[in-house]
Ligand SMILES: [Zn+2]
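Residue numbers (our numbering): 11 to 470.
In structure tokens:
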């Protein structure tokens, strides 16, 4: 948009359109929507993706409003212009509440209506009983957070309040698996540390984690397989990858010989994968990455567990969204027809591509984890579109994708609201009956994910 055009809009009557005209259409049947929402709030849910901090650590170091904001709200505050030093300052608990609020407030005003802002407001209102987030209410919010910070808080928030039955837990960038803290947390494990090992120092870390001495491709695979087997012992139900944060998702069928040559260069220290923005252009071990990723997918295939893939935009800043387009995965989907691929985050902003792929490929599932906070509106529209496009058993409604269970609770409130609005529309348009809407909701909230990850036979 040109700046002349922007100025015109800014000063013209275009800004004075009534708010209702710009917001979502009113519900076609408010009573029905309320009734469905109440029913959905009582239904059990599978949460397909989380990164919770250990409860043990939360109890010892209670969070505050600013730590809760660090995932993901502060990303929006930085996008709004908050300097990095201010972001760091907010993490200093020794800096007083008043001082931190003073630097937080101007950016909070800019971001409080984004999906992340909405989630924080819901969490504070529902779980801490404080209606508004302001400088005046901050002491009451902090008091409420301290009171809830005791053993059992995760069970209370997740199981009792949110009615989450199972959580697929991803503990991220680690060389060795960690046994989940509670029986209802089940492991989804990333092997990205092995697949995109970047330098000799990282090779040593993999050796320490597995006890395997890595001297070439075969031993690197052996280390990976040992970690895979250990994860399985800890109850792993899915493989996960976030490689799209670093490179595109086209995993070619690279030969073992090409991969072997690159391992040799890696072990000799001839080159390493750059970090920062240069990593997108320069992948000196790309054949190795492609080869190993396919090896991991083969391991998942051998024990019949699904592969969860990050697709769509990223947390943080400064990345290449086009790398995350799910259509890059096409060759892989052909080559592993038995593996069920759970594609994350409704591939935002590539929802239409994901809908087409969920329809085209029997082995592709569309997962709305992170989606209802990324954009509540886009998630609602996409859900409606997906229900037109794809068989309902291929769609999974919810994964919180947070460090803090309070925010996952809030995220699920938003997801259930979206579901109620979409199914109200479908009943009002006589696409389905109310009893069918309840059946659809049970599938989207629970049954589809429980079947995909084999959860119902487990003890939680
Ligand atoms: Zn995540």
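From the three backbone atoms N, C-alpha and C, an ideal C-beta is built for every residue, glycine too.
Determine the contact status of residue 241 and residue 199, defining contact as a CB-CB distance below 7 Å. Numbered from its first residue, the chain shown carries residue 241 at position 231. Numbered from its first residue, the chain shown carries residue 199 at position 189. Taking 7 Å as the Cβ cut-off, residue 241 and residue 199 qualify as a contacting pair.
Does the region 421-435 come close enough to the region 346-364 to have 3 or more Cβ pairs within less than 8 Å? no
heavy atom of ligand 1 below 6 Å from residue 411 C-beta: Taking the first residue of the chain shown as position 1, residue 411 is located at position 401. Correct: residue 411 has its Cβ closer than 6 Å to ligand 1.
First and last residue of the alpha helix (DSSP H) that includes residue 51? Locating residue 51 in the chain shown gives position 41, where the first residue counts as 1. That run of the alpha helix (DSSP H) goes 40-52.
Residues near residue 256 in its chain [Cβ-Cβ closer than 7 Å; skip 5 each side]: Within the chain shown, numbered from 1, the residue matching residue 256 stands at position 246. Hits under 7 Å: 206 and 289.
Taking Cβ to Cβ, would you say residue 261 is nearer than 7 Å to residue 304? The sequence position of residue 261 within the chain shown is 251, counting from 1. The sequence position of residue 304 within the chain shown is 294, counting from 1. In contact: residue 261 and residue 304 (Cβ atoms closer than 7 Å).
Exposed or buried, residue 403, counting other C-beta atoms within 10 Å across all chains shown (16 or more means buried)? Residue numbering aside, residue 403 sits at position 393 when the chain shown is read from its first letter. Flag for residue 403 reads exposed.
Could I get the ranges of all uninterrupted alpha helix (DSSP H) runs contained in the region 427-462, with 4 residues as the minimum, in chain order? 444-452 and 458-462
Whole-angstrom distance between residue 46 and residue 398, CA atom to CA atom: Taking the chain shown and counting its residues from 1, the one referred to as residue 398 is at position 388. Taking the chain shown and counting its residues from 1, the one referred to as residue 46 is at position 36. Those two C-alpha atoms are separated by around 20 Å.
Residue-chain proximity (residue 394, chain D), Cβ-Cβ < 7 Å: Included in the structure is just one protein chain, with no chain D present.
Check the DSSP bridge columns for residue 375 and list the partner residues they point to. Residue mapping note: residue 375 aligns to position 365 of the chain shown, counting from 1. DSSP lists 352 as partners of residue 375.
Going by DSSP in three states, residue 75 sits in which element: helix, strand or coil? As a first step, residue 75 is located in the chain shown; it is residue number 65 there, counting from the start. If DSSP states are grouped into helix, strand and coil, residue 75 belongs with the helices.
Let's test the definition: count the other Cβ atoms within 10 Å of the Cβ of residue 44 and tell me whether it reaches 16, buried, or not, exposed. Here residue 44 corresponds to residue number 34 of the chain shown, with the count starting at 1. Under this definition residue 44 is an exposed residue.
Between the Cα of residue 352 and those of 196, 249, 330 and 287, spot the shortest distance and give me the residue it belongs to. The residue labelled residue 352 in the question sits at position 342 within the chain shown. For residue 352, the nearest C-alpha among the options comes from 249.
Among the residues of its own chain, which have a CB less than 6 Å from the CB of residue 237, if the five just before and after it don't count? Position 227 of the chain shown, counting from 1, holds the residue named residue 237. Excluding positions up to five away in sequence, the list reads 220.
Kindly indicate which residue of 176, 185 and 182 has the alpha-carbon position closest to the one of residue 195. Taking the first residue of the chain shown as position 1, residue 195 is located at position 185. Closest by alpha carbon: 176.
Since residue 200 is in the alpha helix (DSSP H), which residue starts that stretch and which ends it? Looking up residue 200 in the chain shown gives position 190. Not the alpha helix (DSSP H): residue 200 falls in the beta strand (DSSP E), residues 195-200.
Whether residue 155 touches residue 73 by CB criterion (7 Å): As a first step, residue 155 is located in the chain shown; it is residue number 145 there, counting from the start. As a first step, residue 73 is located in the chain shown; it is residue number 63 there, counting from the start. Yes, these two residues count as a Cβ contact at 7 Å.
Leaving out five residues on either side along the sequence, give the residues of the same chain with a beta carbon under 8 Å from the beta carbon of residue 229. Against the chain shown, residue 229 aligns to sequence position 219. The residues are 222 and 223.
Looking at C-alpha atoms only, which residue of 192, 128, 254 and 57 is the closest neighbour of residue 338? If you number the chain shown from 1, residue 338 lands on position 328. The candidate whose alpha carbon is nearest that of residue 338 is 254.
Does the Cβ-Cβ distance between residue 322 and residue 355 come in under 7 Å? Residue mapping note: residue 322 aligns to position 312 of the chain shown, counting from 1. Residue mapping note: residue 355 aligns to position 345 of the chain shown, counting from 1. Going by C-beta atoms, residue 322 is nearer than 7 Å to residue 355.
I'd like the span of the alpha helix (DSSP H) that includes residue 207, first residue to last. Residue numbering aside, residue 207 sits at position 197 when the chain shown is read from its first letter. First-last for residue 207: undefined, no H or E at that position.
CB-CB under 7 Å to residue 38, same chain, minus the five flanking residues each way: which ones, in chain order? Along the chain shown, read from residue 1 onward, the residue named residue 38 stands at position 28. Closer than 7 Å at the Cβ level, and outside the excluded window around residue 38, lie 434, 435 and 438.
By DSSP, does residue 407 sit in helix, in strand, or in coil? Start at 1 with the first residue of the chain shown, and residue 407 comes out as number 397. Residue state, collapsed to three classes: coil.
If I measure Cβ to Cβ from residue 218 and keep anything under 7 Å in the same chain, skipping five residues before and after, which residues do I get? Counting from one through the chain shown, the residue named residue 218 turns up at place 208. The answer is none, since no qualifying residue turns up.
Length of the line joining the Cα atoms of residue 311 and residue 350: The sequence position of residue 311 within the chain shown is 301, counting from 1. The sequence position of residue 350 within the chain shown is 340, counting from 1. The alpha-carbon atoms of residue 311 and residue 350 are separated by roughly 9 Å.
Taking Cβ positions, are residue 452 and residue 428 nearer each other than 7 Å? Your numbering for residue 452 matches position 442 in the chain shown. Your numbering for residue 428 matches position 418 in the chain shown. Not closer than 7 Å, so no.
Going along the chain, which residues of its own chain have a beta-carbon closer than 7 Å to the beta-carbon of residue 83, five neighbours each way excluded? In the chain shown, counting from the first residue as 1, residue 83 sits at position 73. Within the same chain, residue 83 has close Cβ partners 121, 126, 127 and 130.
Residue 166 to residue 345, Cα distance in whole Å? Stepping through the chain shown from its first residue, residue 166 is reached at position 156. Stepping through the chain shown from its first residue, residue 345 is reached at position 335. The alpha-carbon atoms of residue 166 and residue 345 are separated by roughly 43 Å.
Tell me where the beta strand (DSSP E) around residue 250 begins and ends. Counting from one through the chain shown, the residue named residue 250 turns up at place 240. Counting along the chain, the beta strand (DSSP E) containing residue 250 begins and ends at 248-251.
Terminal residues of the beta strand (DSSP E) in which residue 7 lies: The chain is shown from 11 up to 470; residue 7 falls before or after that span and cannot be answered.
Under the three-state reduction of DSSP, which class applies to residue 21: helix, strand or coil? Here residue 21 refers to the residue found at position 11 of the chain shown. Unreliable placement is indicated for residue 21, whose pLDDT of 38 sits below 50; no coordinate value is reported for it.
Report all residues from its chain with a CB closer than 8 Å to the CB of residue 187; omit the five preceding and five following residues, and keep chain order. Translated into the one-based positions of the chain shown, residue 187 becomes position 177. Within the same chain, residue 187 has close Cβ partners 181, 197, 199, 237, 240, 241, 244 and 246.
Alpha carbon to alpha carbon, how far is residue 234 from residue 201? As a position in the chain shown, residue 234 is number 224, starting the count at 1. As a position in the chain shown, residue 201 is number 191, starting the count at 1. Cα-Cα distance, rounded: 7 Å.
Reference residue 145; option with closest CA among 386, 108 and 62: Indexing the chain shown from 1 puts residue 145 at position 135. Looking at the Cα atoms, 108 is the closest of the given residues.
Here's a check: name, in chain order, each residue in its chain whose Cβ is nearer than 6 Å to the Cβ of residue 137, leaving out the five neighbours to either side. The sequence position of residue 137 within the chain shown is 127, counting from 1. These residues qualify, in order along the chain: 416.
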